[in-house]
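First up is the structure itself, then whatever we jot down about it.
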Amino acid sequence: MKRLRKERDVFVIGPEEEIYMKNRMSVHVTEEKIEKFAGDLLVFCAIQRKKKMPFCDERIKKIIQPAWKAGDFNGRKDDFILIYPPLIRSGKIRHFACARIAVAGFGLPGKTHDEIREQLRLLGGTIANRAKACKAQKVLVVVPDISGTAMKDITESLCEGLLLGNYSFDKYKKNTEEDAPVPVRTFMLAGSGSTKAMRQGRNLGKNAALATCMARNMANEPGNIWTPAQFADYAKRLAADYPLRCRIIEKPAMKKMGMGGILAVNQGSSDPPKLVILEYKTGKNNPTLMLVGKGLTFDSGGISLKPSAGMEDMKYDMCGGAAVISTMEVVGKEQPADVNIIALVPATDNMSGRAALKPGDIITHFGGKTTEVVNTDAEGRLILADAIAWGIKTYAPDAVIDVATLTGAVIIGLGHHRTGLLSNNDALAGRICRAGEQAGEPFWRLPLGPEYTKQLKSRVADLKNVGGRPGGTITAAAYLQEFVGDTPWAHCDIAGTAWDFTEKSYVPKGPSGIGVRTMVKLIRQWMPLDKE
63 MKRLRKERDV FVIGPEEEIY MKNRMSVHVT EEKIEKFAGD LLVFCAIQRK
113 KKMPFCDERI KKIIQPAWKA GDFNGRKDDF ILIYPPLIRS GKIRHFACAR
163 IAVAGFGLPG KTHDEIREQL RLLGGTIANR AKACKAQKVL VVVPDISGTA
213 MKDITESLCE GLLLGNYSFD KYKKNTEEDA PVPVRTFMLA GSGSTKAMRQ
263 GRNLGKNAAL ATCMARNMAN EPGNIWTPAQ FADYAKRLAA DYPLRCRIIE
313 KPAMKKMGMG GILAVNQGSS DPPKLVILEY KTGKNNPTLM LVGKGLTFDS
363 GGISLKPSAG MEDMKYDMCG GAAVISTMEV VGKEQPADVN IIALVPATDN
413 MSGRAALKPG DIITHFGGKT TEVVNTDAEG RLILADAIAW GIKTYAPDAV
463 IDVATLTGAV IIGLGHHRTG LLSNNDALAG RICRAGEQAG EPFWRLPLGP
513 EYTKQLKSRV ADLKNVGGRP GGTITAAAYL QEFVGDTPWA HCDIAGTAWD
563 FTEKSYVPKG PSGIGVRTMV KLIRQWMPLD KE
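This note's numbering numbers the first residue of the sequence shown as 63 and each following residue consecutively.
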């Protein structure tokens, strides 16, 4: 096992492999007078109004009035003007000490709280991207006051947008272009609302956003760097930093326990598999929520080899595991009361080495159920089935949620805009959908039923691992359902949203970190399902 050592905000695994575990950006609430801020960029927000000048801070009305009269700035979404204070130090216009002033448009306020939250995240993302473009390192944002929305919620959503929009991953670029955007180092937030409420919102937004950025980091790492061992090492660090217990089940123990799904997928690999477990416990009488994330660090398809075009994206097949383990960092920081959280990440890659799993092979899962492997590229369900079955027997959870880039079929059905959701429990499915709407990570529920399970019937084993092309996303979930029993369970297929997610100012090209903020939101408001 490679030893993990801390060097400032970089965690190094081995002598040369640098894994950036901390995102080098911070956000603070300040009571400093805005006029005295001497940083790189001071940002005000303007809210669009029909046939009227945008609603904005009194201190900048005279600055934006000419632009509004000229029809160049109306406070619409993505409207943005940049002003240099030396050019406006005249008359009744206030003096500002900063290098630049910007005014960003919010748009017309949405009709619901969820819509307003999303507008604030988009606003934060726009500000972050414009700040990066002008290489501003210290940015002060004046938090807008929106009627009917609590300052804590405003600050939380805006903070999420700022940090998510500021994300970048360039650790493998030796030389960057001279005009390349430079991420902001420090965001400061100021406003007329309660400082206490702003700090509460800042903490919530920062925790969720940085965990999402960590999930993006894991996904961006290449498969030769982010291996099952790295999942295990990161979990150990979390357990060292927070009140979490880490357990790693290694290959020899898997053999004794009969985890034939994980072992089968790993047969063609040179890296041993890991079942990574993090436990957060508050009491035996409290409900237990179990999260399971697919940690497939690279998927070649195995013997059922994938086409070479686009195969480099298969390093993203571990995004479910990244989301689950990153969520546990927020759990460790916030330490929610009255709920136990268990996280499991079955981690391996799927390669075509000389001992690789073959089509037609029959495997035995944890618990004794047998599967005829028809397609080795339907491997995610094999490793998840072992983890789910073992986790339910070990922890007897009140609810199980698995997150996985499981099927290409979900992209055909839902595109890159919604995560597929399948569940055996209406209350649990409803909560996940609600949390997704609050987080700006929408879900769409698909059906389950015996008619789909029937497609998995095998002539020689209890199941086969694929049910044909019709309803591919549903039959994949139906396979997992065979290992759930009566436990309330939901399956989140993020194959269409884990990367190439809906284009937004706070979602970069590449991995999105989807699932983290939904699960964090769900945990923050968790209550026993029987109280629904």
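Don't be surprised by glycine CBs; every beta carbon is placed ideally from N, CA and C.
Quiz item: Buried or exposed: which applies to Ser-574, given that a residue is buried once 16 or more other Cβ atoms fall within 10 Å of its Cβ?
Solution: buried
Practice problem: Hey, could you find the ends of the beta strand (DSSP E) Val-201 is sitting in? | Solution: 200-204
Quiz prompt | Reference Pro-243; option with closest CA among Lys-431, Tyr-304, Thr-174, Ile-189 | solution = Ile-189
Quiz item: Which residue comes first and which comes last in the alpha helix (DSSP H) that contains Val-546?
Solution: First-last for Val-546: undefined, no H or E at that position.
Quiz prompt | Straight-line gap, Pro-459 to Glu-341 (C-alpha atoms, nearest Å) | solution = 12 Å
Quiz item: Out of Arg-307, His-479, Arg-261, which has the shortest C-alpha to C-alpha gap to Asp-555?
Solution: His-479
Quiz prompt | Top-ranked residue by Cα proximity to Pro-408, from Met-376, Arg-531, Ile-474, Leu-353 | solution = Leu-353
Practice problem: State the beta-bridge partners of Met-596 as determined by DSSP. | Solution: The structure shown does not extend to residue 596, since the chain spans only 63 to 594, so no value can be given for it.
Practice problem: Let me know the beta strand (DSSP E) ranges lying completely inside the stretch 503-537, each 3 residues or longer, listed in chain order. | Solution: 505-507
Practice problem: Take the Cβ of Tyr-234 as the centre, count every other Cβ of all protein chains shown within 10 Å, and call the residue buried at 16 or more, exposed below. | Solution: exposed
Self-check item: Length of the line joining the Cα atoms of Met-390 and Asp-423
Solution: 36 Å
Quiz item: With 16 other CB atoms within 10 Å as the buried threshold, where does Ser-370 fall?
Solution: exposed
Practice problem: Let me know if Ala-271 comes out buried or exposed under the rule of 16 or more other beta-carbons within 10 Å of its beta-carbon. | Solution: buried
Self-check item: Where the beta strand (DSSP E) containing Met-380 begins and where it ends
Solution: Met-380 -> no beta strand (DSSP E), and no H or E assigned at all.
Quiz item: What three-state label does DSSP hand Gly-422 in the structure shown?
Solution: coil
Self-check item: Whether Thr-484 touches Leu-518 by CB criterion (7 Å)
Solution: The displayed chain sequence assigns Leu, not Thr, to residue 484. No, they are not a contact pair.
Practice problem: Return the chain-ordered ranges of every beta strand (DSSP E) run that is complete within the stretch 297-360 and spans a minimum of 3 residues. | Solution: 307-311, 336-342, 350-355
Quiz item: Which parts of the stretch 208-294 are runs of the alpha helix (DSSP H), unbroken and 4 residues or longer, counting only runs that do not cross its ends?
Solution: 213-227, 257-282
Quiz item: Can you give, in chain order, each stretch of the alpha helix (DSSP H) that sits fully within the stretch 411-488 and has at least 4 residues?
Solution: 442-457, 471-476
Quiz prompt | Pairwise C-alpha distance: Leu-584 and Leu-351 | solution = 10 Å
Quiz item: What residue from Ile-208, Cys-221, Glu-94, Phe-168 has the CA that sits closest to Ala-159's CA?
Solution: Glu-94
Quiz prompt | Met-589, DSSP secondary structure in three states | solution = coil
Quiz prompt | Environment of Arg-531 [buried if 16+ CB atoms lie within 10 Å] | solution = exposed
Exercise. Quick one: give me the first and last residue of the alpha helix (DSSP H) that Leu-103 is part of.
Key: Where Leu-103 is concerned, there is no enclosing alpha helix (DSSP H), although the beta strand (DSSP E) it sits in stretches over 103-111.
Quiz item: Exposed or buried, which one is Tyr-514 when buried takes at least 16 other CB atoms within 10 Å?
Solution: buried
Quiz item: Applying the criterion that 16 or more other CB atoms from any shown protein chain within 10 Å of the CB defines a buried residue, is Gly-482 buried or exposed?
Solution: buried
Exercise. Express the C-alpha separation of Thr-456 and Gly-322 in angstroms, rounding to a whole number.
Key: 17 Å
Practice problem: Check each candidate in Ala-405, Val-436, Ser-362, Glu-374 and name the one with the smallest Cα separation from Gly-415. | Solution: Ser-362
Quiz item: Would you say Lys-395 and Gly-285 are within 7 Å of each other, going by their C-beta atoms?
Solution: no
Quiz prompt | Local conformation of Cys-554 per DSSP, three classes | solution = strand
Quiz prompt | Opposing strand residues paired with Gly-40 [DSSP bridges] | solution = Summary: the structure shown does not reach residue 40, with the chain confined to residues 63 through 594, and so no result is reported for it.
Quiz item: Per DSSP, what kind of secondary structure is Ile-365 in: helix, strand or coil?
Solution: coil
Self-check item: Rounded separation between Gly-101 and Met-260 - CA only
Solution: 21 Å
Quiz item: Which of the three DSSP states, helix, strand or coil, is assigned to Pro-610?
Solution: No statement about residue 610 is possible, as the shown extent of the chain runs from 63 to 594 and does not include it.
Quiz item: For the alpha helix (DSSP H) that Ile-126 lies in, which residues bound it at each end?
Solution: 123-131
Quiz item: Expressed to the nearest angstrom, what Euclidean distance is found between the alpha-carbon atoms of Asp-140 and Asn-527?
Solution: 47 Å
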